[in-house]
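Colleague: Residue numbers (our numbering): -14 to 318.
Structural data, given as structure tokens:
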């Protein structure tokens, strides 16, 4: 059976068709998940700029001394945008963009990943990320801060050593701006926050939630565009990440969710990113929730998706949630 589902806020369409999960192929190795399973057993690499002992290969740490560091934030040596450059308009469709591009080196160990590190390491990572995010978002010259993580080659990473990135811009991203505007239109029509309504709907349905703690909830979204796409949202209405006060609970949630996903689909490549209210959208603070979104890169995009803008997903979110809970012995069969 196939069905089209619409995103709760943006009305973005996704076609779900589980019959395509078993379509034949002689191009994509069905045993590729075995490759995803492998961890590197090397704790230190002399050629890795992020390994402890190789600090001379990277710029200076923003916060801590180079001795006995657990997590460090450094300027990206190959930034997407330039820092300290005069803004220059080339024409009405092009101007020189400036900002700050940092790398968060998440562990001193070369082979430690989100699937193997302990809860304490997650706490250290996200306390530092939160601190840096607040510094950047409060900079008057910055309009938008992007926090994201690429993992493995299929996730767009160029280095194995666990790291994420934080990039600030003087430009507004159209995609996030559209989502925030859509949430505001919902709010004006319904007089309620669409994300609060979505969470209430999901908690009543009990079909797509995979984990929750006192302050956060993790779910497979109703119109998930990707297999095992997972969202993490605060239960309370918090529109901006910089206003989050329960970082230890967020860290616990991320630690738990990555363990649940690893036990289900292995050491998979992924992207993770943060969506948070834009600085110039204060009127939307009552209609938006910040969220972390995990996108496993275990299926590619093809011509239909690119031409139509409509994703095709062969795993229903209800099935994804069931599989996650089953693999982790969290439901009775």
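Just so you know, even glycine gets a beta-carbon here, dropped at the ideal spot from N, CA and C.
Find out if the Cβ-Cβ distance for the pair residue 179, residue 171 is shorter than 9 angstroms.
Modeller: In the chain shown, the residue the question calls residue 179 occupies position 194. In the chain shown, the residue the question calls residue 171 occupies position 186. Yes, they are a contact pair.
Colleague: Do you know how far the Cα of residue 289 is from the Cα of residue 196?
Modeller: The count along the chain shown starts at 1 and reaches residue 196 at position 211. The count along the chain shown starts at 1 and reaches residue 289 at position 304. Answer to the nearest angstrom: the Cα atoms are 33 angstroms apart.
Colleague: Does the structure place the stretch 186 to 202 close enough to the stretch 159 to 170 that three or more beta carbon pairs sit under 8 angstroms?
Modeller: No: fewer than three Cβ pairs fall under 8 angstroms.
Colleague: What separation, rounded to the nearest whole angstrom, lies between the Cα atoms of residue 54 and residue 36?
Modeller: Within the chain shown, residue 54 is the residue found at index 69, counting from 1. Within the chain shown, residue 36 is the residue found at index 51, counting from 1. When rounded, the distance between both Cα atoms is 11 angstroms.
Colleague: Can you round the beta-carbon distance between residue 262 and residue 162 to whole angstroms, since I take them to be within the 8 angstroms contact cut?
Modeller: For the purposes of this step, residue 262 is taken as residue 277 along the chain shown, with counting starting at 1. For the purposes of this step, residue 162 is taken as residue 177 along the chain shown, with counting starting at 1. That belief does not hold up - the Cβ atoms of residue 262 and residue 162 are roughly 11 angstroms apart, past 8 angstroms.
Colleague: Quick one: complete beta strand (DSSP E) runs, 3+ long, within the stretch 163 to 226?
Modeller: If we require 3 residues or more, the beta strand (DSSP E) runs fully inside the stretch 163 to 226 come out as 194 to 197, 201 to 204 and 215 to 219.
Colleague: Roughly how many whole angstroms lie between the Cα atoms of residue 26 and residue 240?
Modeller: For the purposes of this step, residue 26 is taken as the residue at position 41 of the chain shown. For the purposes of this step, residue 240 is taken as the residue at position 255 of the chain shown. Their backbone Cα atoms lie some 21 angstroms apart in a straight line.
Colleague: Anyone know if the C-beta pair for residue 56 and residue 92 falls short of 9 angstroms?
Modeller: Numbered from 1 along the chain shown, position 71 holds the residue referred to as residue 56. Numbered from 1 along the chain shown, position 107 holds the residue referred to as residue 92. Against a cut-off of 9 angstroms, the Cβ pair of residue 92 and residue 56 comes out as a contact.
Colleague: Going by Cα to Cα distance, which pick from -8, 176, 38 and 312 is closest to residue 269?
Modeller: The sequence position of residue 269 within the chain shown is 284, counting from 1. It is 176 whose Cα lies nearest to the Cα of residue 269.
Colleague: Contact between the stretch 191 to 208 and the stretch -13 to 6: three or more CB pairs below 8 angstroms?
Modeller: With the cut-off at 8 angstroms, the stretch 191 to 208 and the stretch -13 to 6 touch.
Colleague: Which parts of the stretch 246 to 277 are runs of the beta strand (DSSP E), unbroken and 3 residues or longer, counting only runs that do not cross its ends?
Modeller: Here the runs fully enclosed are 255 to 260.
Colleague: Could you tell me the distance, in whole angstroms, from the CA atom of residue 213 to the CA atom of residue 280?
Modeller: For this step, residue 213 is matched to residue 228 along the chain shown. For this step, residue 280 is matched to residue 295 along the chain shown. The alpha-carbon atoms of residue 213 and residue 280 are separated by roughly 7 angstroms.
Colleague: Where does residue -9 land, buried or exposed, given buried means 16+ other C-beta within 10 angstroms?
Modeller: Residue numbering aside, residue -9 sits at position 6 when the chain shown is read from its first letter. Exposed, since its Cβ has fewer than 16 Cβ neighbours within 10 Å.
Colleague: Under three-state DSSP, which class holds residue 149?
Modeller: Against the chain shown, residue 149 aligns to sequence position 164. Strand at residue 149.
Colleague: State buried or exposed for residue 44, treating a residue as buried only when at least 16 other CB atoms are found within 10 Å of its CB.
Modeller: As a position in the chain shown, residue 44 is number 59, starting the count at 1. So residue 44 ends up on the exposed side.
Colleague: On a Cα-Cα basis, can you pick out the residue from 303, 64, 146 and 76 that is closest to residue 94?
Modeller: For this step, residue 94 is matched to residue 109 along the chain shown. Ranking 303, 64, 146 and 76 by Cα distance to residue 94 puts 146 first.
Colleague: Are residue 282 and residue 77 closer than 9 angstroms when you measure CB to CB?
Modeller: One-based indexing of the chain shown puts residue 282 at position 297. One-based indexing of the chain shown puts residue 77 at position 92. No, the Cβ-Cβ distance between residue 282 and residue 77 is not below 9 angstroms.
Colleague: Using only CA atoms, which one of 41, 237 and 316 lies nearest to residue 217?
Modeller: On the chain shown, position 232 is the one that residue 217 refers to. Taking only the C-alpha atoms, the option nearest residue 217 is 237.
Colleague: Taking DSSP's pairing of strands, which residues face residue 83 in a bridge?
Modeller: Working through the chain shown from its first residue, we reach residue 83 at position 98. DSSP lists 67 as partners of residue 83.
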